[in-house]
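Chemist: Below are the structure tokens for one structure; questions will follow.
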Amino acid sequence: MNAALKRFRIVAWIVGTFLILLMFVAMPLKYFGGNDTMVSVISPIHGLCYMVYLVLAFHLAQQAGWRFWPQTVGLMLGGTVPVASFFVERWAHRKILEEHPQAADPKVRTEEVV
Numbered sequence: 001m002n003a004a005l006k007r008f009r010i011v012a013w014i015v016g017t018f019l020i021l022l023m024f025v026a027m028p029l030k031y032f033g034g035n036d037t038m039v040s041v042i043s044p045i046h047g048l049c050y051m052v053y054l055v056l057a058f059h060l061a062q063q064a065g066w067r068f069w070p071q072t073v074g075l076m077l078g079g080t081v082p083v084a085s086f087f088v089e090r091w092a093h094r095k096i097l098e099e100h101p102q103a104a105d106p107k108v109r110t111e112e113v114v
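Residue numbers for the sequence shown, in the UniProt record's numbering: 1 to 114.
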């Protein structure tokens, strides 16, 4: 559970950062500045990171034993709205620590099903 949570948290921050860059820097440059270079660079990176985010979010929800609706779906949709992934990451972290206190201690090793 520790590793799944850590992987998810890192990717959630990466996805959120690239989505903010895409929406608030690259898209205005494209539509108001006529320069689509940043969109063509940032959007594939965000798309790839979001695919990884979806897999890790699903894996984390399965490890935590969450139902598909609304926890897993909400977790997976967190990377689609700018800044939402930061809030969803924090919510998931708190919820995991409430439900599985052993996840707070990185020295605790539990068998993870991959």
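Even glycine gets a Cβ: it sits at the ideal position worked out from N, Cα and C. Model, not experiment: these values are computed from the prediction.
#1: Apart from the five residues just before and just after Phe18, which ones in its own chain have a Cβ nearer than 7 Å to its Cβ?
#2: Going by beta-carbon coordinates alone, are Met76 and Leu54 separated by less than 7 Å?
#3: Taking the alpha carbon of residue 115 as the point to measure from, which residue in Gln63, Val15, Ser40 has its own alpha carbon closest?
#4: Which stretch, first to last residue, makes up the alpha helix (DSSP H) that contains Leu21?
#5: Just to confirm my understanding: we take Val39, look at its own chain, exclude 5 residues before and 5 after, and list those with CB closer than 8 Å. What are they?
#6: Please classify Glu99 as buried or exposed, where buried requires at least 16 other C-beta atoms within 10 Å of its C-beta.
#7: Among Pro101, Gly79, Gln102, Val83, whose alpha-carbon lies nearest the alpha-carbon of Phe8?
#8: On the criterion of 16 or more Cβ atoms from any shown chain inside 10 Å, does Trp69 qualify as buried, or is it exposed?
#9: State yes or no: is the C-beta of Glu89 within less than 7 Å of the C-beta of Ala12?
#10: Assuming Ala92 and Leu60 are in contact, meaning their beta carbons sit under 8 Å apart, how far apart are those beta carbons, in whole angstroms?
#11: Within its chain, find whatever has a CB closer than 8 Å to the CB of Ile20; leave out the 5 residues flanking it on each side and keep chain order.
#12: I need the DSSP call for Arg67, collapsed to helix, strand or coil.
Modeler: Per the coordinate set shown:
#1: For the purposes of this step, residue 18 is taken as residue 18 along the sequence shown, with counting starting at 1. Sequence-distant Cβ neighbours of Phe18 in its own chain, meaning closer than 7 Å and more than five residues away, are Ile42, Ile45, His46, Cys49.
#2: By one-based count along the sequence shown, residue 76 stands at place 76. By one-based count along the sequence shown, residue 54 stands at place 54. For Met76 and Leu54, yes; Cβs fall inside 7 Å.
#3: What the structure shows of the chain is the stretch from 1 to 114, and residue 115 is not part of that stretch, so it cannot be assessed.
#4: Taking the first residue of the sequence shown as position 1, residue 21 is located at position 21. Counting along the chain, the unbroken alpha helix (DSSP H) around Leu21 starts and ends at 2-21.
#5: As a first step, residue 39 must be located in the sequence shown, where it is residue number 39. Cβ neighbours of Val39 beyond the five flanking positions: Leu22, Ala26, Met27, Leu29, Lys30.
#6: Along the sequence shown, read from residue 1 onward, the residue named residue 99 stands at position 99. With fewer than 16 Cβ atoms within 10 Å of its Cβ, Glu99 is classed as exposed.
#7: Taking the sequence shown and counting its residues from 1, the one referred to as residue 8 is at position 8. For Phe8, the closest C-alpha among the options Pro101, Gly79, Gln102, Val83 is that of Gly79.
#8: For this step, residue 69 is matched to residue 69 along the sequence shown. Of the residues assessed, Trp69 falls on the exposed side of the cut-off, its CB having fewer than 16 other CB atoms within 10 angstroms.
#9: Locating residue 89 in the sequence shown gives position 89, where the first residue counts as 1. Locating residue 12 in the sequence shown gives position 12, where the first residue counts as 1. Note that the C-beta distance between Glu89 and Ala12 is below 7 Å.
#10: By one-based count along the sequence shown, residue 92 stands at place 92. By one-based count along the sequence shown, residue 60 stands at place 60. About 7 Å; that satisfies the 8 Å criterion.
#11: One-based indexing of the sequence shown puts residue 20 at position 20. Taken in chain order, the residues that qualify are Pro82, Val83.
#12: Mapped onto the sequence shown, residue 67 falls at position 67. Under the three-state reduction of DSSP output, Arg67 falls in the coil class, being neither helix nor strand.
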